[in-house]
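Undergrad: Numbering (UniProt numbering), first residue to last: 1 to 434.
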Ligand SMILES: [Zn+2]
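Below you can see the structure in the form of structure tokens.
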């Protein structure tokens with residue numbers, strides 16, 4: 001026996017099938033914007049227009065204000081400005097009595113650089129479709145999720161259904177470096193009873209835990225000279241190896257400690273990535289300065305400031321044992337991610353309703369899992385008592401060449417999000433045409 005909500009969902013699901021070509025076109029358009037750090041404005045204006053014109057949402061744009069945010073424990077220090085780089089918020093305001101609960105759907109539109117582009121078999125900004133896959137930077141991480149969440153709400157609306165509670169769509173900046181985009185929109189008051197983020201990190205599983213992340217910068221000085229006198233000089237690149245090795249030793253220590261329960265089964269949850277190194281400009285010059293930048297993962301429940309203090313002491317202690325570095329200690333600073341990890345209980349309504357929605361599409365129970373990197377879900381869970389999880393499409397090549405997303409999974413996630421809306425927000429005034 002089909003219930004009323006099953007029949008309504010069938011209508012919405014048909015609507016998603018009908019508008020599938022449009023959804024693919026929208027996703028291609030999103031993926032053709034090279035929205036790396038500092039280049040987010042064009043895609044944000046495009047999305048804002050779409051939400052206003054196609055979904056009749058009331059749209060706001062928020063520019064993160066570092067001064068206002070800087071006292072917040074979740075704030076990360078940027079080294080750039082926020083001018084012309086808005087976060088976009090579209091609000092669906094339910095009419096009449098609010099029966100259900102409100103929800104935020106949030107996705108980030110910033111992407112990491114596709115370099116080196118010569119490693120790609122497809123244009124990283126081409127959004128080329130081959131078989132069931134769409135290729136390009138951001139296809140999986142996470143413009144497909146953004147398309148899915150927007151088209152889920154659009155399908156509900158186009159099927160003539162009025163939701164009984166508010167829905168907020170947010171497309172945010174800086175998920176890949178600070179999270180300040182997400183933080184600023186919450187601080188401006190855009191809150192709800194729960195938040196869903198269609199990140200692809202676990203595919204169609206619910207996220208219940210993620211690690212904390214910080215970025216560190218280690219500047220090592222040498223003693224520059226012409227190579228003619230290289231025997232008397234100190235090469236900063238070679239000196240920096242010592243600091244890289246100390247970082248890798250720190251990583252070993254982090255992973256040898258007793259594991260957090262949500263990462264107990266993971267072979268290596270806390271990764272330190274040496275992501276950038278900069279030094280030298282001439283083969284015949286001994287370089288005077290070398291800067292290494294790394295990303296450090298650590299367990300949930302640990303304050304990022306404690307990790308920074310601890311890591312700094314660790315690196316300085318390692319330098320202390322070295323003849324040159326003890327006299328010329330490295331300069332250790334931090335910028336970007338200041339992100340605490342989190343762990344939440346899957347036994348709560350958000351996961352119960354997501355499970356029902358997932359079952360309606362996937363016909364099997366929802367699984368949950370942990371993630372060894374960070375997402376914007378942390379802000380809601382840690383600082384606002386708003387339960388938040390990630391559940392998204394399936395893809396590969398995140399932050400790597402030849403990124404792709406599985407288009408079937410995008411359609412299924414669109415349907416799951418639509419099913420979630422019906423169940424979580426409730427609905428009214430429905431005429432079922434069957
Ligand atoms: Zn992402």
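No residue lacks a Cβ here, since even glycine has one placed at the ideal position from N, Cα and C.
Quick one: is the Cβ of residue 199 within less than 6 Å of any heavy atom of ligand 1?
TA: yes
Undergrad: State yes or no: is the C-beta of residue 149 nearer than 6 Å to some heavy atom of ligand 3?
TA: Ligands present in the displayed structure are limited to ligand 1, and ligand 3 is not among them.
Undergrad: With burial defined as no fewer than 16 other Cβ atoms inside 10 Å of the residue's Cβ, what is the status of residue 64: buried or exposed?
TA: buried
Undergrad: When you compare the CB positions of residue 423 and residue 361, do they come within less than 7 Å of one another, or not?
TA: no
Undergrad: What do you reckon, is the C-beta of residue 141 under 6 Å from a heavy atom of ligand 1?
TA: yes
Undergrad: Measuring straight from C-alpha to C-alpha, what distance separates residue 109 and residue 300?
TA: 26 Å
Undergrad: Would you check if the distance between the CB atom of residue 298 and the CB atom of residue 335 is smaller than 7 Å?
TA: Contact flag unset, no.
Undergrad: What is the rounded straight-line gap between the Cα of residue 53 and the Cα of residue 155?
TA: 15 Å
Undergrad: Helix, strand or coil: which one does DSSP assign to residue 290?
TA: strand
Undergrad: Closest to residue 157 by C-alpha separation, out of 8, 29 and 83, would be which residue?
TA: Per the Cα distances, 8.
Undergrad: Below 7 Å between beta carbons: does that hold for residue 171 and residue 219?
TA: no
Undergrad: Identify the continuous alpha helix (DSSP H) that holds residue 47 and give its terminal residues.
TA: 41–55
Undergrad: Going by DSSP in three states, residue 435 sits in which element: helix, strand or coil?
TA: With the chain running from 1 to 434 in the structure shown, residue 435 is simply not present.
Undergrad: Can you name the start and end residues of the beta strand (DSSP E) that residue 370 belongs to?
TA: Residues 368–371.
Undergrad: Helix, strand or coil, according to DSSP, for residue 134 in the structure here?
TA: strand
Undergrad: When you compare only the Cα positions, how much space is there between residue 225 and residue 331?
TA: 21 Å
Undergrad: Do the region 58–74 and the region 178–187 make contact, defined as three or more Cβ pairs closer than 8 Å?
TA: yes
Undergrad: Taking the alpha carbon of residue 90 as the reference point, which residue from 16, 150 and 400 has its own alpha carbon closest?
TA: 150
Undergrad: Output needed for residue 112: all residues of its chain with C-beta closer than 6 Å, excluding positions within five of it in sequence on either side, in chain order.
TA: 176 and 399
Undergrad: Could you tell me the boundaries of the beta strand (DSSP E) in which residue 221 lies?
TA: 212–221
Undergrad: Enumerated in chain order, which unbroken segments of the alpha helix (DSSP H) with a length of 4 residues or greater are wholly contained in the region 174–248?
TA: As far as the region 174–248 is concerned, its whole alpha helix (DSSP H) runs of at least 4 residues are 180–187.
Undergrad: Using CA coordinates, which residue listed in 358, 252, 242 and 349 is at the minimum distance from residue 317?
TA: 242
Undergrad: Looking at the strands, I want to know which residues DSSP matches up with residue 390.
TA: 197
Undergrad: State yes or no: is the C-beta of residue 35 within less than 7 Å of the C-beta of residue 405?
TA: no
Undergrad: Buried or exposed: which applies to residue 358, given that a residue is buried once 16 or more other Cβ atoms fall within 10 Å of its Cβ?
TA: buried
Undergrad: In whole angstroms, give me the CA-to-CA distance for residue 393 and residue 198.
TA: Going from the Cα of residue 393 to the Cα of residue 198 covers about 7 Å.
Undergrad: Could you tell me which residues DSSP puts in a beta bridge with residue 104?
TA: As computed with DSSP, residue 104 is found in a beta bridge with 168 and 195.
Undergrad: Pick from 372, 413, 323 and 377: whose alpha carbon is nearest that of residue 355?
TA: Of 372, 413, 323 and 377, the residue nearest in Cα terms is 413.
Undergrad: Rounded to a whole number of angstroms, what is the C-alpha to C-alpha distance between residue 214 and residue 304?
TA: 7 Å
Undergrad: Relative to the alpha-carbon of residue 349, which residue among 101, 14, 43 and 78 has its alpha-carbon at the smallest distance?
TA: Taking the Cα of residue 349 as reference, the smallest distance to any Cα among 101, 14, 43 and 78 is reached at 101.
Undergrad: Leaving out five residues on either side along the sequence, give the residues of the same chain with a beta carbon under 7 Å from the beta carbon of residue 287.
TA: 222, 224, 235, 236, 237, 279 and 280
Undergrad: Rounded to the nearest angstrom, what separates residue 181 and residue 428 at their Cα positions?
TA: 34 Å
Undergrad: Taking C-beta to C-beta, are residue 94 and residue 11 nearer than 7 Å?
TA: no
Undergrad: Beta-carbon separation of residue 196 and residue 371 under 7 Å?
TA: The beta carbons of residue 196 and residue 371 sit no closer together than 7 Å.
Undergrad: Is DSSP giving residue 250 helix, strand or coil here?
TA: helix
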